[in-house]
Amino acid sequence: MADLTSNFIGIKSPNPFWLASAPPTDKEYNVRRAFEAGWGGVVWKTLGEQGPPVVNVNGPRYGAIWGADRRLLGLNNIELITDRPLEVNLREMKSVKRDYPDRALIASIMVPCTEEAWKAILPLVEETGADGVELNFGCPHGMSERGMGSAVGQVPEYIEMVTRWVKQYTRMPCIVKLTPNITDIRKPAMAAHAGGADAVSLINTINSITSVDLDLFAPEPTIDGKGAHGGYCGPAVKPIALNMVSEIARSPEMRGLPISGIGGVTTWKDAAEFMALGAGNVQVCTAAMTYGFKIVQEMISGLSQYLDEKEISLSDLVGRAVPNVSDWQHLNLNYVSKAKIDQELCISCGRCYAACEDTSHQAIDMSEDRVFTVKDDECVACNLCVNVCPVEDCITMEQMAPGAVDPRTGKVVEAVPADWTTHPNNPMSATAAE
Amino acid sequence: MDPKALVPGIKPGRMDKAAIEAGFGDLHPALDDHEALVAADRCYFCHDAPCQTACPTEIDIPLFIRQIATGTPEAAARTILSQNILGGMCARVCPTETLCEEVCVREVAEGKPVEIGRLQRYATDTLMAQNVHPFERDAATGKRVAVVGAGPAGLACAHRLAMMGHDVVLMDARPKPGGLNEYGIAAYKSTEDFAAREVAWLMQIGGIELQSGVALGRDVTLEALKAEYDAVFLGLGLGGVNALGVDGDDREGVADAVSFIADLRQASDLSALPVGRDVVVIGGGMTAVDAAVQSKLLGALNVTIVYRRSQERMAASVYEQELAQSKGVRIICNASPVAVHGNGAVREIEFEFTDDALAPTGERFRLPADQVFRAIGQTLTGEGLPELDGRKIAVDGTGRTSLDGVWAGGDCASGGDDLTVTAVAEGRDAAEDIHMSLMG
Numbered sequence: 004m005a006d007l008t009s010n011f012i013g014i015k016s017p018n019p020f021w022l023a024s025a026p027p028t029d030k031e032y033n034v035r036r037a038f039e040a041g042w043g044g045v046v047w048k049t050l051g052e053q054g055p056p057v058v059n060v061n062g063p064r065y066g067a068i069w070g071a072d073r074r075l076l077g078l079n080n081i082e083l084i085t086d087r088p089l090e091v092n093l094r095e096m097k098s099v100k101r102d103y104p105d106r107a108l109i110a111s112i113m114v115p116c117t118e119e120a121w122k123a124i125l126p127l128v129e130e131t132g133a134d135g136v137e138l139n140f141g142c143p144h145g146m147s148e149r150g151m152g153s154a155v156g157q158v159p160e161y162i163e164m165v166t167r168w169v170k171q172y173t174r175m176p177c178i179v180k181l182t183p184n185i186t187d188i189r190k191p192a193m194a195a196h197a198g199g200a201d202a203v204s205l206i207n208t209i210n211s212i213t214s215v216d217l218d219l220f221a222p223e224p225t226i227d228g229k230g231a232h233g234g235y236c237g238p239a240v241k242p243i244a245l246n247m248v249s250e251i252a253r254s255p256e257m258r259g260l261p262i263s264g265i266g267g268v269t270t271w272k273d274a275a276e277f278m279a280l281g282a283g284n285v286q287v288c289t290a291a292m293t294y295g296f297k298i299v300q301e302m303i304s305g306l307s308q309y310l311d312e313k314e315i316s317l318s319d320l321v322g323r324a325v326p327n328v329s330d331w332q333h334l335n336l337n338y339v340s341k342a343k344i345d346q347e348l349c350i351s352c353g354r355c356y357a358a359c360e361d362t363s364h365q366a367i368d369m370s371e372d373r374v375f376t377v378k379d380d381e382c383v384a385c386n387l388c389v390n391v392c393p394v395e396d397c398i399t400m401e402q403m404a405p406g407a408v409d410p411r412t413g414k415v416v417e418a419v420p421a422d423w424t425t426h427p428n429n430p431m432s433a434t435a436a437e
Numbered sequence: 117m118d119p120k121a122l123v124p125g126i127k128p129g130r131m132d133k134a135a136i137e138a139g140f141g142d143l144h145p146a147l148d149d150h151e152a153l154v155a156a157d158r159c160y161f162c163h164d165a166p167c168q169t170a171c172p173t174e175i176d177i178p179l180f181i182r183q184i185a186t187g188t189p190e191a192a193a194r195t196i197l198s199q200n201i202l203g204g205m206c207a208r209v210c211p212t213e214t215l216c217e218e219v220c221v222r223e224v225a226e227g228k229p230v231e232i233g234r235l236q237r238y239a240t241d242t243l244m245a246q247n248v249h250p251f252e253r254d255a256a257t258g259k260r261v262a263v264v265g266a267g268p269a270g271l272a273c274a275h276r277l278a279m280m281g282h283d284v285v286l287m288d289a290r291p292k293p294g295g296l297n298e299y300g301i302a303a304y305k306s307t308e309d310f311a312a313r314e315v316a317w318l319m320q321i322g323g324i325e326l327q328s329g330v331a332l333g334r335d336v337t338l339e340a341l342k343a344e345y346d347a348v349f350l351g352l353g354l355g356g357v358n359a360l361g362v363d364g365d366d367r368e369g370v371a372d373a374v375s376f377i378a379d380l381r382q383a384s385d386l387s388a389l390p391v392g393r394d395v396v397v398i399g400g401g402m403t404a405v406d407a408a409v410q411s412k413l414l415g416a417l418n419v420t421i422v423y424r425r426s427q428e429r430m431a432a433s434v435y436e437q438e439l440a441q442s443k444g445v446r447i448i449c450n451a452s453p454v455a456v457h458g459n460g461a462v463r464e465i466e467f468e469f470t471d472d473a474l475a476p477t478g479e480r481f482r483l484p485a486d487q488v489f490r491a492i493g494q495t496l497t498g499e500g501l502p503e504l505d506g507r508k509i510a511v512d513g514t515g516r517t518s519l520d521g522v523w524a525g526g527d528c529a530s531g532g533d534d535l536t537v538t539a540v541a542e543g544r545d546a547a548e549d550i551h552m553s554l555m556g
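From first to last, the protein sequence lines stand for chains A and B. Note that our numbering numbers the first sequence so that position 253 is 256, with each residue one more than the last. Note that our numbering numbers the second sequence so that position 65 is 181, with each residue one more than the last.
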């Protein structure tokens, strides 16, 4: 059994799986049950400033996208920060932390963008014994209309300013949670870094309308005939989150900035992918909301088995794929592959043929008796056939050995890599300039 | 054991009414909405799909399944019914395991095909439950066509002709339309009077006049029909039943399986329908299975199918064979009847084992039997018919017979399997050819 003990910016937890700040972490009852189920840490549902708490809608808060058999693929929510009084949350946090000293307990905070507001709340949080704070600069709905959440996260100067206040008024480690609703994730991350953040966490949810009720002509979720955009999360957002995590991880300016990976983590494998792209731990919400707290047991056993099989430690995994995240211009143009269909595995559905013939490079041949074969002289190795094939590993991309002639181009496959920067068609390339 | 089950002879009420009714429930219960979505989602939407090729009526199966998957079963039903107006019945009775589902790529890959038949039923049931008839008649052509036989071929032909604007007179010798759908198939495949409901729904197209109790050769002649109508379609089915041709074939208790099934289908109270304690069904096709299974469901203690060739050669599909066996029917192969014994009524039936070339081996055995069903094939009956090809009316690819202005299709015509779906295809295609011929 691999050691999954995690140390994220000095915050220790028995495993790298934390519950993200969200409905599952809204109160003591849930958090105790989460810890009993095995979660390594919890980011408590976002606290607001003292006084009358926010209110939520009394109609639906969630909308969803489903796959086969109503498997939940994407969830959207318009719930706000905690709607319980601050003192109740603080009391409960203290009680939980006292009983679970080995687990990570982080307070997510969202208060107005004034120094006084942050200065006021931080000591109260510190008093609970919480291990750290996470600044919620991410929520894209509701609170952003009041100048908080993603309204802050979309302005790097505000991020840096607030982060500085937090570092000034508390000794607790500070994680800045980023919104993906921006054009370049590196800018807000840099701002957090500049403000002295100990880590960033991402992604928060994505602005979204999940669907439109075609009878009411209103967005879902619909409240009395109207809907507002909400925050999208769940497996559907994982590719976006992975990219944003990697963008920060491979940025030279932020080298070594710890990242807490969030966005559609549903299985141990998702977690491992985030960590390979540079996340020091992961935070989970939608998967728990879909299947309950017990999923963490699969995450623990799966990640442990994987590390054992790879014979690497958890810290070895973190960032291991980052060096292989490249700009397009540095991809090897001398790498040539061809699709190959395994006739033993092929079930003759013809989807590869339809996809290639109708929408790609007309590189698959269909015989009278439904045998499908790749035309190497047309195949550009786009991978679409692999992606639409319903049988795993039936179609594979086979690398052509250096020295062989690519029947599509008639050129010999070169052994030495070459990329766009030196390609003769590139007007900016060094060789073209000669 | 219920003592009623042990009473010898042909008796009604061998089981409680409730048990009988439960046994005759839907063989494949309808999919509910969620089940249909899950089943539809398994379809890969194959290119040039093998299932469509395998369907005698060439229904665009991937399209209708996608229409179900996207929440429009009504549109799916139109896709089905535009090719096969009896898509509802075919969804219930088609041997999908030897047609569309046999070639489904998921059958090839996993041994578990997309449930095409049940999905087809889901779509057609949805539309029919709304009592919507999805087609409208073209402008009247003034042409009149006689369709003889209101079975699947005749119904499909009549509907297509009516849709194209012709006036159709649809005649059938029996009191009710539907042919084998109404009188022939197992009751658990057409529950809740589906065959009759489907015909009533089909007739909503308009322009079809039904004349029941009109038999060709008895009440009307082909000559007269040819003279009176612009075209004639013969969908007569097979009216005769092959005899066993052995001693004792006429003993009391020996009957045609098709008659037993027809009586069963028309019975209002199955617990009043008599059945033997020891039933022997001779034959190897669907009719044999339908008779055997239903005998068992009525409470027969021992039901045996005896088939003269090897089990692999049975015309009933493997699925049907297994259905029979799962209901407790015993199947004996490579044995031919040689005599029916008894004193007046049948008491035993004697068989001789045969080799694969049907040569007698000399090994004989007897089975106790108080009821014997012949299910060894049906024959075309009638006089003054067009030329035959073997024992059926000779037709070309579009159903034209040797007589000018006379088309034929379904079981009475040469070519194709004797399946409901094949009959529908032949009736439909003949209608198209009649239309071309009349309007051309």
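Note that beta-carbon positions come from the ideal geometry of N, C-alpha and C, so glycine has one too.
Identity of the residues DSSP links to residue i by a beta bridge
i, result
"Tyr235 (chain A)", "A:Asn79 and A:Ile209"
"Gln402 (chain A)", "A:Ser340"
"Leu326 (chain B)", "B:Leu286"
"Asp420 (chain B)", "Note on identity: in this sequence residue 420 (chain B) is Thr, with Asp being the wrong assignment. Bridge partners of Thr420 (chain B): B:Val396 and B:Arg446."
"Gly44 (chain A)", "A:Trp21 and A:Ala107"
"His457 (chain B)", "B:Glu464"
Residue i, DSSP secondary structure in three states
i, result
"Pro420 (chain A)", "coil"
"Phe140 (chain A)", "coil"
"Met287 (chain B)", "strand"
"Ile162 (chain A)", "helix"
"Ala69 (chain A)", "The residue asked about is misnamed: residue 69 (chain A) is Trp in this sequence, not Ala. Trp69 (chain A) falls in the strand class under three-state DSSP."
"Asn92 (chain A)", "helix"
"Pro476 (chain B)", "strand"
"Cys382 (chain A)", "coil"
"Gln199 (chain B)", "helix"
"Val313 (chain A)", "A quick correction: the sequence has Lys, not Val, at residue 313 (chain A). Lys313 (chain A) falls in the helix class under three-state DSSP."
"Lys414 (chain A)", "coil"
"Arg234 (chain B)", "helix"
"Lys292 (chain B)", "coil"
"Cys177 (chain A)", "strand"
"Gln286 (chain A)", "strand"
"Arg248 (chain A)", "Checking the sequence shown, residue 248 (chain A) turns out to be Val, not Arg. Looking at Val248 (chain A) - three-state DSSP - the assignment turns out to be helix."
Sub-8 Å separation of residue i and residue j beta-carbons
i, j, result
"Cys355 (chain A)", "Ile398 (chain A)", "yes"
"Asn92 (chain A)", "Leu138 (chain A)", "no"
"Val158 (chain A)", "Val179 (chain A)", "no"
"Met287 (chain B)", "Gln327 (chain B)", "yes"
"Ala266 (chain B)", "Gly300 (chain B)", "no"
"Glu298 (chain B)", "Ala311 (chain B)", "yes"
"Gly234 (chain A)", "Cys142 (chain A)", "yes"
"Leu554 (chain B)", "Asp346 (chain B)", "yes"
"Asn10 (chain A)", "Ile303 (chain A)", "no"
"Pro224 (chain A)", "Ile81 (chain A)", "yes"
"Arg425 (chain B)", "Gly401 (chain B)", "no"
Within chain A, partners of residue i - CB distance below 7 Å
i, result
"Ala225 (chain B)", "Ile350 and Val394"
"Val537 (chain B)", "Under the 7 Å cutoff, chain A gives no residues; its nearest Cβ is about 22 Å from Val537 (chain B)."
"Val221 (chain B)", "Ile350, Ser351 and Cys352"
Per-residue contacts from residue i into chain B (C-beta, under 9 Å)
i, result
"Ala357 (chain A)", "Phe161, Cys162, His163 and Asp164"
"Asp72 (chain A)", "His150, Leu153, Val154 and Asp157"
Proximal chain B residues relative to residue i, where beta-carbon distance stays under 8 Å
i, result
"Asp345 (chain A)", "Per Cβ cutoff of 8 Å: no residues; Asp345 (chain A) is ~13 Å from chain B at best."
Do the region 229-245 of chain B and the region 483-491 of chain B touch if we need at least three Cβ pairs shorter than 8 Å? no
Taking three-plus beta-carbon pairs below 8 Å as touching, is the region 201-211 of chain B in contact with the region 529-546 of chain B? yes
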